[in-house]
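Read the structure below first, then the notes.
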Amino acid sequence: MGSQRRVQKFKSTYAVLTFSTLALWGASAQAQQQSPEYVPGEIIVKLKSKSKSMQAQAFIGKAVSEKSMSLKGTWSGLNMHHFALKPGQSVESIVAELKADPEVEYAEPNYILKRQSAGFEGEPMAMSDVRAAASSDYSAFAQTNAPIQASQAWSAASSSATPPVVAVIDTGLDINHDVFVQSGSVWTNPGEIPNNGIDDDRNGYVDDVHGWNFVSNSAAMVDDDGHGTHVSGIVLGATQDITAIPLEPAKIRIMPLKFLDGNGSGSTSDAVKAIYYAVNNGAKVLSNSWGGGGFSNSLLDAIAYAYEKKVVFVAAAGNASSNNDSAPTYPANYAVPNLISVAATTDLDGLASFSNYGSRTVHMGSPGSSIWSTYPNDLYGRASGTSMATPFVSGLAALMVREAPTMNGYQVKQLIFNASVPVSSLSSKTVTKARLNIYNGLMSAKGASVDPSQPEFNAASIRAPSSLADPGAGAIGGCGLVTKMALDASGGGPGGLSGPQKNLAFFALMIVLISPVLLSVAMRQRSGKNQRRYTRYQIDSSVRVKFGDRELVGQVSTISLGGVQLNTDAWLEKGGIVKMSIQSPDGRDQIEVEGKVVWSEEQKRYGVAFANANDTVMSAINRWSQTLLKA
Ligand code: CA
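This is the structure in structure tokens:
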């Protein structure tokens, strides 16, 4: 009875929510075509790092006195500042002016960001009503979970481990919803005493016991939209059965960070604050079901900071049915090595009609069509969007970190890619050509040898001037030149290339994309001691490659005592740890050896350095090499 009443009470609000959601959805799709929206009269400015605080003070003083700007906030330690302009002042002209200032590293508009959901479907209901009224709807939870093998993962997860923290950066969370209360899944800041009006842990936020509300700039955690609660339920739902009432104790913690308002809209300055908050307060996974705006250097820097701190950043690819390779969506398109860009799939493993895609920029698929999850006021509802696909990946990432707490975000990402299942609908639409599998991912984390290293990354290497006139700047983590080369390489632009020219352009593109640091690392690894010290031999043997419990087949083309070159259609990312069973040239024998992917070409040819080649392996290779030609 109580639940019925709640539904009634909620109905009128819900009608408004649905309407505004759809209206926004239309607006955001439209925004793709036009110049990106930004908060009127606000800018973000980063001063060059060599600027000392005295200089920063002088700069701010000058901005205030000469330009009548007012300081809205400062990111301490970053030399980055958020300004409001004098009424009537043009964002474009001030940004242009500041860019010419030798003290300024970058100046940009405060872009508007929006949730990536096409809105709720049908009326939210109580769980009892979900079960009673529509058994088919109730089973929809299971229908979504079956292909991604969620329930297998729940029972395979270690029984006791420290719950990792997932920050859900969104519209907030109904922290009093039964699902989150019963499971005990809402993050509690251990350093903060509730309601004493004191910033006990001195993190800059007073009484931030359950995250922070950047919209109201207070500790009051609410969800006046519904999106954040839905997304959080999916994160939790990837890790346990959220329909089994009472719920089991959660394996993870959700840190709600509200930066999107009741209309699902927020600013880059608040998103950036939320990301720094999440990373600095212990989140290992950041779930980001939102996007929009132009290329923002401050947002890119925040994600790069998360990478530096070994945190995974999962981002929705967007809902405009468009190709992110040519029409970038941010933050999904920032080429930071810890970022996973997620497309939405249907229950039948098709690419959802609304989902963005991109064979170079969208990494993988995950269920995002008519997904059941939690809704404020103890209700449940269905929604579609890359917003819904993203938190499944975030939930898996958290389960993996739970199994291997020292694993960094970069390795988690690689293992998630390797554990995903190829589906034909994604073959030309995503980088991995594959859809999430939670069980495979979990098992690969259990079996993984943790690699503490990750490639060096310098955000400045992919920074683009955030020109208002060019929303496509930095499309694939570069500048206009890169975008053009990408278009040329894919034959999509005027004067498109073909054949060998196309390959050349592709390699040129790759070289432009890789920062000099990364390039030197790659070169060092490729021409490294393993390649140099040992003679390589031509071989044509099959190899079975395992990641966790997933296995694929490829061909070995060269072999040495240091490693192999292998060809396979599956995705292997540099740095990934693989277990190989390599067949002898005569097919009678095989060796088992572990290795690390040290280089790759066109996602097809890979160099794998042996990690634990024992005497048996060494002597087998020596024996085989007597019948092989030198490479
Ligand atoms: Ca605090």
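The sequence shown begins at 3 in our numbering and counts up by one. Cβ atoms here follow ideal geometry from the backbone N, Cα and C, with glycine treated the same way. Keep in mind that this is a model prediction, so the values were computed, not measured.
Practice task
Return the CA-CA distance between A252 and V237, expressed in angstroms with no decimal places.
Solution key: Counting from one through the sequence shown, the residue named residue 252 turns up at place 250. Counting from one through the sequence shown, the residue named residue 237 turns up at place 235. Answer to the nearest angstrom: the Cα atoms are 11 angstroms apart.
Exercise for the section: Return the chain-ordered list of same chain residues with a C-beta closer than 6 angstroms to the C-beta of E44, the five sequence neighbours on each side being excluded. Expected result: As a first step, residue 44 must be located in the sequence shown, where it is residue number 42. Spatial neighbours of E44 in its own chain (CB-CB distance under 6 angstroms, excluding positions within 5 residues in sequence) are listed in chain order as A86 and N112.
Exercise for the section: Sort R590, L568 and G564 by Cα distance to W619 and report the nearest one. Expected result: Translated into positions along the sequence shown, residue 619 becomes position 617. It should be noted that the sequence gives Val, not Trp, for residue 619. Nearest Cα to V619 within the set R590, L568 and G564: G564.
Practice task
Tell me whether A98 is buried or exposed, calling it buried when 16 or more other Cβ atoms sit within 10 Å of its Cβ.
Solution key: Taking the sequence shown and counting its residues from 1, the one referred to as residue 98 is at position 96. Taking a 10 Å sphere around the C-beta of A98, we find fewer than 16 other C-beta atoms and assign the residue as exposed.
Practice task
Could you pull out every unbroken beta strand (DSSP E) segment of at least 3 residues lying fully inside the segment 267 to 342, listed in chain order?
Solution key: Fully enclosed beta strand (DSSP E) runs of 3 or longer: 267 to 269, 287 to 290 and 314 to 318.
Practice task
With DSSP as the reference, label L563 as helix, strand or coil.
Solution key: Position 561 of the sequence shown holds residue 563. Correct three-state label for L563: coil.
Handout entry: Unbroken stretches of the alpha helix (DSSP H), 4 residues or longer, contained in the segment 364 to 425
Key = For the segment 364 to 425, whole alpha helix (DSSP H) runs of length 4 or above, ordered along the chain, are 388 to 405 and 411 to 421.
Problem - Element boundaries [alpha helix (DSSP H), containing M56] - result: In the sequence shown, counting from the first residue as 1, residue 56 sits at position 54. Residues S55 to K69.
Practice task
Helix, strand or coil for W77, going by three-state DSSP, please let me know.
Solution key: Position 75 of the sequence shown holds residue 77. DSSP, read as helix, strand or coil, puts W77 in strand.
Practice task
Tell me where the alpha helix (DSSP H) around A622 begins and ends.
Solution key: Here residue 622 refers to the residue found at position 620 of the sequence shown. Segment D617 to S627, the alpha helix (DSSP H) holding A622.
Problem - Where the alpha helix (DSSP H) containing G121 begins and where it ends - result: Here residue 121 refers to the residue found at position 119 of the sequence shown. Here G121 belongs to no alpha helix (DSSP H), and DSSP marks it neither H nor E.
Handout entry: Rounded C-alpha distance that separates P149 from N410
Key = Here the question's residue 149 lines up with position 147 in the sequence shown. Here the question's residue 410 lines up with position 408 in the sequence shown. If you take the alpha carbons of P149 and N410, they lie about 27 angstroms apart.
Exercise for the section: Output the distance between the C-alpha atoms of S160 and D103, rounded to the nearest integer angstrom. Expected result: Locating residue 160 in the sequence shown gives position 158, where the first residue counts as 1. Locating residue 103 in the sequence shown gives position 101, where the first residue counts as 1. Roughly 55 angstroms separates the two Cα atoms.
Handout entry: Cα-Cα separation between L49 and D303, rounded to whole angstroms
Key = For the purposes of this step, residue 49 is taken as residue 47 along the sequence shown, with counting starting at 1. For the purposes of this step, residue 303 is taken as residue 301 along the sequence shown, with counting starting at 1. CA-CA distance, L49 to D303, rounds to 13 angstroms.
Handout entry: Spatially closest choice to A60 from E594, P38, Y40 and N81, by CA coordinates
Key = Counting from one through the sequence shown, the residue named residue 60 turns up at place 58. Ranked by how close their Cα comes to the Cα of A60, the residues E594, P38, Y40 and N81 have N81 in first place.
Handout entry: Coarse secondary structure for G494, derived from DSSP in three states
Key = The residue you call residue 494 lines up with position 492 of the sequence shown. For G494, the pLDDT reaches just 28, beneath the cut-off of 50, and the residue's location in the model is therefore unreliable, leaving the point undetermined.
Practice task
Kindly indicate which residue of S361, Q413, S187 and D349 has the alpha-carbon position closest to the one of S451.
Solution key: For the purposes of this step, residue 451 is taken as the residue at position 449 of the sequence shown. Distances from the alpha-carbon of S451 to those of S361, Q413, S187 and D349 put Q413 closest.
Handout entry: Beta-carbon gap between F394 and A240 smaller than 8 angstroms
Key = Residue 394 sits at position 392 when you count from the first residue of the sequence shown. Residue 240 sits at position 238 when you count from the first residue of the sequence shown. A contact, by the Cβ cut-off of 8 angstroms.
Practice task
Using the DSSP secondary-structure output, state which residues sit across from A214 in a beta bridge.
Solution key: For the purposes of this step, residue 214 is taken as the residue at position 212 of the sequence shown. The identity of residue 214 in the sequence shown is Trp, whereas the question assumes Ala. W214 has L259 as its beta-bridge partners, per DSSP.
Practice task
Please list, in chain order, all residues of the same chain as P89 whose beta carbon is under 8 angstroms from its beta carbon, the five residues on each side excluded.
Solution key: In the sequence shown, residue 89 corresponds to position 87, counting from 1. Setting aside the 5 residues that flank it on each side, P89 is surrounded in the same chain by G43, each with a C-beta closer than 8 angstroms to its C-beta; the list follows chain order.
Problem - Buried versus exposed call for G294 [16 or more other C-beta atoms within 10 Å across all chains shown] - result: Mapped onto the sequence shown, residue 294 falls at position 292. G294 is buried by the Cβ-count criterion.
Problem - Exposure of P654, with buried meaning 16 or more beta-carbon neighbours within 10 Å - result: There is simply no residue 654 to check, as the chain begins at 3 and stops at 633 in what is shown.
Handout entry: Through-space distance from P258 to L249, alpha-carbon basis
Key = As a first step, residue 249 must be located in the sequence shown, where it is residue number 247. As a first step, residue 258 must be located in the sequence shown, where it is residue number 256. A straight line joining the alpha-carbon of L249 with that of P258 spans about 20 angstroms.
Problem - Contact test: V208 Cβ vs ligand 1 heavy atom, cutoff 7 angstroms - result: Start at 1 with the first residue of the sequence shown, and residue 208 comes out as number 206. Within the cutoff, so yes.
Exercise for the section: Just grab the DSSP bridge partners of M582 for me. Expected result: Here residue 582 refers to the residue found at position 580 when the sequence shown is read from its first residue. Looking at the DSSP assignment, M582 forms a beta bridge with V547 and V595.
Exercise for the section: State buried or exposed for S1, treating a residue as buried only when at least 16 other CB atoms are found within 10 Å of its CB. Expected result: The structure shown has nothing for residue 1, since the chain only spans 3 to 633.
Exercise for the section: Measure from the alpha carbon of N299 to the alpha carbon of each residue in S51, A285 and T270, then state which is nearest. Expected result: Here residue 299 refers to the residue found at position 297 of the sequence shown. Minimum Cα distance to N299 is reached at T270.
Handout entry: Cβ-Cβ distance between S289 and V364 below 8 angstroms
Key = Taking the sequence shown and counting its residues from 1, one reaches residue 289 at position 287. Taking the sequence shown and counting its residues from 1, one reaches residue 364 at position 362. The Cβ atoms of S289 and V364 lie no closer than 8 angstroms to each other.
Exercise for the section: Would you mind working out which of A322, I277, D327 and G387 sits nearest N215, comparing C-alpha positions? Expected result: In the sequence shown, residue 215 corresponds to position 213, counting from 1. The residue with the shortest Cα to Cα distance from N215 is I277.
Exercise for the section: Tell me whether N197 sits in a helix, a strand or coil according to DSSP, three-state version. Expected result: Counted from its first residue, the sequence shown places residue 197 at position 195. Here N197 carries a coil assignment [DSSP, helix/strand/coil].
Practice task
Look up I45 in the DSSP assignment and give the residues it is bridged to.
Solution key: For the purposes of this step, residue 45 is taken as the residue at position 43 of the sequence shown. According to DSSP, residue pairing for I45 in a beta bridge involves F85 and P111.
Handout entry: Cα-Cα separation between Q308 and V287, rounded to whole angstroms
Key = The sequence position of residue 308 within the sequence shown is 306, counting from 1. The sequence position of residue 287 within the sequence shown is 285, counting from 1. As written in the sequence, residue 308 is Ala, which differs from the Gln given in the question. Roughly 9 angstroms separates the two Cα atoms.
Practice task
Kindly indicate which three-state DSSP category S468 falls into: helix, strand or coil?
Solution key: As a first step, residue 468 must be located in the sequence shown, where it is residue number 466. Reliability of the predicted coordinates at S468 is poor, the pLDDT of 42 falling under 50, and the value obtained from them is presented with this limitation in mind. Three-state DSSP puts S468 in coil, outside helix and strand.
Exercise for the section: Can you grab the Cα-Cα spacing for the pair G397 / L353, in whole Å? Expected result: Along the sequence shown, read from residue 1 onward, the residue named residue 397 stands at position 395. Along the sequence shown, read from residue 1 onward, the residue named residue 353 stands at position 351. Near 21 angstroms, if we compare the C-alpha coordinates of L353 and G397.
Problem - Length of the line joining the Cα atoms of E123 and Y140 - result: Looking up residue 123 in the sequence shown gives position 121. Looking up residue 140 in the sequence shown gives position 138. In this structure, the CA atom of E123 is about 14 angstroms from the CA atom of Y140.
Handout entry: Whole-angstrom distance between S361 and E107, CA atom to CA atom
Key = By 1-based counting over the sequence shown, the position of residue 107 is 105. By 1-based counting over the sequence shown, the position of residue 361 is 359. E107 and S361: Cα-Cα distance of roughly 32 angstroms.
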